[in-house]
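Colleague:
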Amino acid sequence: MANSTRHVYTPSDLEDINFDPDSDLGFPGEYPFTRGIQPTMYRGRLWTMRQYAGMGDAEESNRRYKFLLANGTAGLSVAFDLPTQIGYDSDHPMALGEVGKVGVAIDSLEDMQRLFDGIPLDQISTSMTINATASILLALYVAAAKRSGADTRKLSGTVQNDVLKEYIARGTYIYPVRHALRIITDMFAWANENTPDWNTISISGYHMREAGCTAAQEVAFTLANGAAYVEAALAAGLDIDRIAPRLSFFFNAHNNFLEEVAKFRCARRVWAKTMRERFGAQNPRSWMLRFHTQTAGSTLTAQQPENNITRTALQALAAVLGGTQSLHTNGFDEALALPTEEAARTALRTQQIIAYESGAAQTIDPFAGSYYIESLTTSIENQVDEIQHQISLHGGMLSAIEKGWVQSEIQNAAYEYQRAVDSGEATVVGVNRFTREDEPGVPIQRIDETLERKQIEQVRALRARRDHTRWQSSLDRVRDAARTNQNLMPAILEAVESQATVGEIASAMREVFGEYQESVII
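In case it helps, my numbering puts the sequence shown at residues -10 to 511.
(1) Does T141 come out as helix, strand or coil in the three-state DSSP assignment?
(2) Taking 8 Å as the cut-off, does the region 159 to 174 touch the region 126 to 143 (at least 3 CB pairs, one atom from each stretch)?
(3) Just the C-alpha distance for Y31 and N474, rounded to the nearest angstrom, thanks.
(4) Would you tell me roughly how many angstroms separate the C-alpha atoms of Q506 and V166, rounded to the nearest one?
(5) Do I433 and G89 have their C-beta atoms closer together than 8 Å?
(6) Is the Cβ-Cβ distance between I190 and S116 less than 8 Å?
(7) According to DSSP, simplified to helix, strand and coil, what is V417?
(8) Report buried or exposed for H81, applying the criterion of at least 16 other Cβ atoms within 10 angstroms of its Cβ.
(9) Under a three-way DSSP split, which group does N188 fall into?
(10) Less than 8 Å separating the beta-carbons of T118 and F69?
(11) Scan the region 251 to 280 and note each continuous alpha helix (DSSP H) run of 4 residues or more that stays entirely inside, going in chain order.
(12) Is there contact between the region 453 to 467 and the region 118 to 131, where contact requires at least three CB pairs shorter than 8 Å?
(13) Under 8 Å: do the region 210 to 220 and the region 186 to 202 share three or more Cβ pairs, one atom per stretch?
(14) With a CB to CB cut of under 7 Å and the five nearest residues on each side skipped, what residues in its chain are close to A402?
(15) Taking the alpha carbon of E441 as the reference point, which residue from S79, G503, Q407, A47 has its own alpha carbon closest?
(16) Considering only DSSP beta bridges, list what R459 is partnered with.
(17) Pull up the distance between the alpha-carbon of Q400 and that of E486, whole angstroms please.
(18) Buried or exposed for L85, going by 16 or more other Cβ atoms inside 10 Å?
(19) Would you say the region 33 to 44 touches the region 308 to 324, given that touching needs at least three Cβ pairs under 8 Å?
(20) Apply the 10 Å Cβ neighbour rule to V250 and answer buried if 16 or more other Cβ atoms are within range, or exposed otherwise.
(21) Could you spell out where the alpha helix (DSSP H) holding Y360 opens and where it closes?
(22) Express the C-alpha separation of A409 and N476 in angstroms, rounding to a whole number.
(23) Mind checking whether M484 and G76 have CB atoms under 8 Å apart?
(24) Can you have a look at F239 and say buried or exposed, based on whether 16 or more other CB atoms are within 10 angstroms of its CB?
(25) Can you find the residues in the same chain that come closer than 6 Å, C-beta to C-beta, to N297, ignoring five residues on each side of it along the sequence?
(26) What are the residues that DSSP puts in a beta bridge with Y41?
(27) Could you give the distance in angstroms between the alpha-carbon of R24 and the alpha-carbon of A256?
(28) Is G146 helix, strand or coil by DSSP?
(29) Buried or exposed: which applies to Y345, given that a residue is buried once 16 or more other Cβ atoms fall within 10 Å of its Cβ?
Next comes the structure, spelled out in structure tokens:
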């Protein structure tokens, strides 16, 4: 291709949008990766089709995973219940009524083995949406793989492990911020040596967008969190070009179709510049922003839920045209309950239709050169730069989070959107316009209430039969590692293999690190 074909604007157009095709666009697979991180993108390999799932206990979730694999999903994505996410076992008083409700309950190595029974872990990619207890769940996954005979060095997948966004938007944190970052950098170092194909963090803008932030805020806050993790890793003595290629990201695909396409392109460009110019990374793989996308749960409506199929399809197409590496599509009934098998299959078929029938995968960055898309990409980048400047004025992302500034900005954006919906300025089809009097019901997924008692009985039976001396010694080692600068992961792995539970290991670290107390902003 002749170099002149890159120049798709008149001089006056370029002056208006402050856009240089050579430095800001380039070719697919080339810095700054605006057009995608691979030269052939989906012509060479389709995105990984994942379906986020987890419900009740391990056996029930295992059945759903096998159903999804049989229907063509290429990777698993595990949802954990709230007690597992915040480090409480199923029989803890804090877990009462929450066991298995919004994801699968995992208390022990035996649970993890049941969760993946019959699934070859060294042949499938697994994403686990877990943060404060990510170190424990990764250890459980590795231990379960080892017991199944899998080669643990061939394990591939991701733990979300993005605690900063928990303090900002979601709330499933445990430890104070600085201690939480120490656990994450220990995971970086351990995984580099032991599970080299595993992504030890998925830096997430998804939940901040669900909390109400704008597209530009989603990019700015997510990449600022990413930079904070890089700074923590460098402070721990890790090499930038060893850790950066294993960083991954997680974005929301929202309703404004063209804005979302531009958002993804902008995020790649900003991250590439950040890694090369700010952090001095030399490896081109360190400059690449690899990301998973999930369609926007907050846009799903309980009213006329069948409309959610259309919303999800548009959002999924935006993610594909924006160059995502993997994708989860929401079930149309998720405003009401966890998705039924029918809803999960329809969501997966949505991805398959885009991949195999729409032709979208045949063209690399099909919007490249569009005046509107390129100007919108640059406009979002300018907004991101301004937001990140404000972050720097607050002393960096950690300080901005601890002061509550980031949380306040998201709250303000959420308020403005809700005000627009309430006033009718923004239309939500089926909610404030085009409503209907009769709302026919749809079948919804219900969690068997007996599963909580079954899970409690299993964890108590485990405690009764394990080797008490080995168990106690392993928890002592976790505490000792937490008190010193030893890497925590070997001690955590020994603890899970000694049948220590998630809650017990989390509690051992609580004893040393304490718990995070959120500041009250007045």
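Glycine included, C-beta positions come from ideal geometry on N, C-alpha and C.
What you are looking at is a predicted structure, and each value in this text was computed from that prediction instead of being measured.
Modeller: Looking at the atomic coordinates:
(1) As a first step, residue 141 is located in the sequence shown; it is residue number 152 there, counting from the start. Correct three-state label for T141: helix.
(2) no
(3) Here residue 31 is taken as the residue at index 42 of the sequence shown, counted from 1. Here residue 474 is taken as the residue at index 485 of the sequence shown, counted from 1. Cα-Cα distance, rounded: 43 Å.
(4) For this step, residue 506 is matched to residue 517 along the sequence shown. For this step, residue 166 is matched to residue 177 along the sequence shown. Their Cα atoms are separated by approximately 10 Å.
(5) For this step, residue 433 is matched to residue 444 along the sequence shown. For this step, residue 89 is matched to residue 100 along the sequence shown. Not a contact, by the Cβ cut-off of 8 Å.
(6) Position 201 of the sequence shown, counted from the start, is the residue given in the question as residue 190. Position 127 of the sequence shown, counted from the start, is the residue given in the question as residue 116. In this structure, S116 does not lie closer than 8 Å to I190 by Cβ.
(7) To locate residue 417, count along the sequence shown from 1; it is residue 428. Of the three classes helix, strand and coil, the one that applies to V417 here is coil, per DSSP.
(8) Within the sequence shown, residue 81 is the residue found at index 92, counting from 1. The residue is buried, with at least 16 neighbouring Cβ atoms inside 10 Å.
(9) In the sequence shown, the residue the question calls residue 188 occupies position 199. In the structure shown, N188 sits in a strand (DSSP, three-state: E or B).
(10) Working through the sequence shown from its first residue, we reach residue 118 at position 129. Working through the sequence shown from its first residue, we reach residue 69 at position 80. In contact: T118 and F69 (Cβ atoms closer than 8 Å).
(11) 273 to 276
(12) no
(13) yes
(14) What you label residue 402 is simply residue 413 of the sequence shown in a count that begins at 1. Contacts found: G201, C202, T203, Q206.
(15) Position 452 of the sequence shown, counted from the first residue, corresponds to residue 441. Ranking S79, G503, Q407, A47 by Cα distance to E441 puts S79 first.
(16) In the sequence shown, the residue the question calls residue 459 occupies position 470. Partner(s): none; R459 has no beta bridge.
(17) For the purposes of this step, residue 400 is taken as the residue at position 411 of the sequence shown. For the purposes of this step, residue 486 is taken as the residue at position 497 of the sequence shown. Distance between the alpha carbons of Q400 and E486: 43 Å.
(18) Taking the sequence shown and counting its residues from 1, one reaches residue 85 at position 96. So L85 ends up on the exposed side.
(19) yes
(20) Locating residue 250 in the sequence shown gives position 261, where the first residue counts as 1. Classification of V250: buried, given that the 10 Å Cβ count is 16 or more.
(21) In the sequence shown, the residue the question calls residue 360 occupies position 371. Residues 360 to 382.
(22) The count along the sequence shown starts at 1 and reaches residue 476 at position 487. The count along the sequence shown starts at 1 and reaches residue 409 at position 420. The alpha-carbon atoms of N476 and A409 are separated by roughly 49 Å.
(23) Position 495 of the sequence shown holds residue 484. Position 87 of the sequence shown holds residue 76. Reading off the sequence shown, one finds Ala at residue 484, where the question assumed Met. No, the Cβ-Cβ distance between A484 and G76 is not below 8 Å.
(24) If you number the sequence shown from 1, residue 239 lands on position 250. When all chains shown are included, F239 counts as buried.
(25) Locating residue 297 in the sequence shown gives position 308, counting from the first residue. Cβ within range, chain order: L289, F321.
(26) By one-based count along the sequence shown, residue 41 stands at place 52. BP columns for Y41 point to S66.
(27) Within the sequence shown, residue 24 is the residue found at index 35, counting from 1. Within the sequence shown, residue 256 is the residue found at index 267, counting from 1. Looking at the two C-alpha atoms, the distance is approximately 11 Å.
(28) Translated into positions along the sequence shown, residue 146 becomes position 157. Reduced to three states, the DSSP call for G146 is strand.
(29) Translated into positions along the sequence shown, residue 345 becomes position 356. Its Cβ having fewer than 16 others within 10 Å, Y345 is exposed.
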